[in-house]
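Quick note: the sequence shown uses this note's numbering, first residue 9, plus one each step.
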Amino acid sequence: MPILNIRKTRNGKGIFTAKSFKSGRIIYEIKGNLIRAEKVMELWKTNPRKTENMFRYCPTRYLSPEGELGDYSNHSCNPNAGIIKKQGRLFWIAIKDIRKNEEILIDYSTILGADDIWIMKCNCGENECRKIVKRIDKIPKKVFVRYKGLGIIPKYILKTME
């Protein structure tokens, strides 16, 4: 039985758990193809929808999960999961206890470097909703400190702020 599945949400489709996860546990590896940053920029200019679900993998590459579970990853300003890079691979990790059948939600800002140009209107509906999802250097300091303490801002994203 798969530990994750795709279901309809109010904003399209999302990733849901088939079991519970304790805070700090790795949920699943994010799989896909690595694409050079230059190619992502070309795609963004000609067909921005093709770049919507890409994850920053390192300073010069993005991971495109097209056709994989990561393609259905959704944002929340009050996420229950984050992304970590371990041994050259990206994983979702629980940052709160996640119940069975709960949607896995990340804060997209944690994978947007200070040199990224992507923004998105937020529709998460949380009390702490920021209304617009921006890159890591534009999130509230209190949120940044919390995410950094949780270890869900990859080092290569932090370096873009130097």
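Virtual Cβ for every residue (Gly too), placed ideally from N, Cα, C.
Should Thr-68 be labelled buried (16 or more other beta-carbon atoms within 10 Å of its own) or exposed?
-> exposed
Should Ser-72 and Ile-43 be called a contact, given that it needs their Cβ atoms to be closer than 8 Å?
-> yes
Tell me the DSSP bridge mates of Thr-17?
-> Gly-20
Which residues share a DSSP beta bridge with Gly-159?
-> Paired residues: none, contrary to the question.
N-terminal and C-terminal residue of the alpha helix (DSSP H) that Lys-53 is part of | 45-54
Terminal residues of the beta strand (DSSP E) in which Gly-90 lies | 89-94
For the beta strand (DSSP E) containing Arg-69, list its first residue and its last residue.
-> 69-72
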